[in-house]
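Input: a single structure, listed below in structure tokens.
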Amino acid sequence: MIQKTELIERILESLRKELTVIKEGARESYEVATHEESQPENRFDTHSLEASYLAAGQAKVVVEIEDAVMRCQNMELNAFEPDDPIGVGALVKLKSKRETTFYFLVPIAGGIEVKDGRKTILVITPQSPIGKLLVGHKAGEVVHLETTTLPKKFEIVSVK
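Residue numbers (my numbering): 311 to 470.
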């Protein structure tokens with residue numbers, strides 16, 4: 311099983327790639343918004359205004375990703391004992407009738423998938439539906455997740 315330090319490195323790698331793409335998009339949007347050819351020709355021409363809104367939105371996302379990188383770099387990776395409740399930093403293995411899934415609970419960067427051989431570890435936050443469900447539970451317990459299709463029952467196999 312992948313180590314938590316390696317998980318954090320992979321999360322940081324994903325965040326840095328996303329940051330590069332967003333920064334480039336923000337730069338391009340800013341250039342479009344401030345270019346002399348983007349000046350409105352009449353009061354109905356909103357091209358420059360729309361580009362400036364886009365640049366501002368992308369700049370906000372840049373700040374959020376930079377914050378996520380910083381928080382990820384400074385995150386303490388505590389070991390969990392078998393009887394410890396699930397909390398931030400836990401690597402959790404769940405099993406249902408059909409599948410076994412792995413989750414890494416962190417304060418930020420939810421939604422990133424990390425491949426570990428044939429396994430996929432999904433990064434989740436305490437604010438996500440599955441994160442809310444898991445926090446405070448322990449290995450050996452069963453949790454129920456209500457979904458739009460069918461409710462699912464998961465056994466918490468391990469917490470590391």
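Just so you know, even glycine gets a beta-carbon here, dropped at the ideal spot from N, CA and C.
Tell me whether residue i sits in a helix, a strand or coil according to DSSP, three-state version.
| i | result |
| --- | --- |
| residue 345 | coil |
| residue 372 | helix |
| residue 333 | helix |
| residue 321 | helix |
| residue 327 | helix |
| residue 314 | helix |
| residue 465 | strand |
| residue 338 | helix |
Between residue i and residue j, how many whole angstroms is the CB-CB distance? I'm expecting something under 8 Å.
| i | j | result |
| --- | --- | --- |
| residue 361 | residue 336 | That belief does not hold up - the Cβ atoms of residue 361 and residue 336 are roughly 11 Å apart, past 8 Å. |
| residue 381 | residue 436 | Between residue 436 and residue 381 the Cβ distance is about 13 Å, and since that is not below 8 Å, they are no contact. |
| residue 403 | residue 445 | Not confirmed; about 16 Å, so no contact. |
Note down the Cα distance separating residue i from residue j, rounded to an integer number of angstroms.
| i | j | result |
| --- | --- | --- |
| residue 407 | residue 323 | 33 Å |
| residue 422 | residue 349 | 39 Å |
| residue 356 | residue 340 | 15 Å |
| residue 394 | residue 448 | 6 Å |
| residue 516 | residue 372 | With the chain covering only 311 through 470, there is no way to say anything about residue 516. |
| residue 312 | residue 397 | 19 Å |
| residue 353 | residue 367 | 23 Å |
Enumerate in chain order the residues of its own chain whose CB-to-CB distance from residue i is below 7 Å, with the five nearest sequence positions on each side excluded.
| i | result |
| --- | --- |
| residue 388 | 399 |
| residue 450 | 466 |
In chain order, what residues of the same chain have a beta carbon less than 6 Å from the beta carbon of residue i, not counting five sequence neighbours either side?
| i | result |
| --- | --- |
| residue 546 | Limits of the chain in this structure are 311 at one end and 470 at the other, which puts residue 546 out of reach. |
| residue 365 | 336, 339, 340 and 343 |
| residue 430 | 423 |
Just to confirm my understanding: we take residue i, look at its own chain, exclude 5 residues before and 5 after, and list those with CB closer than 8 Å. What are they?
| i | result |
| --- | --- |
| residue 379 | 322, 325, 326 and 329 |
message: At 3 residues or longer, what runs of the beta strand (DSSP E) sit wholly inside the region 376-456?
response: Runs of the beta strand (DSSP E) inside the region 376-456: 401-405, 410-415, 423-426, 429-434 and 452-455.
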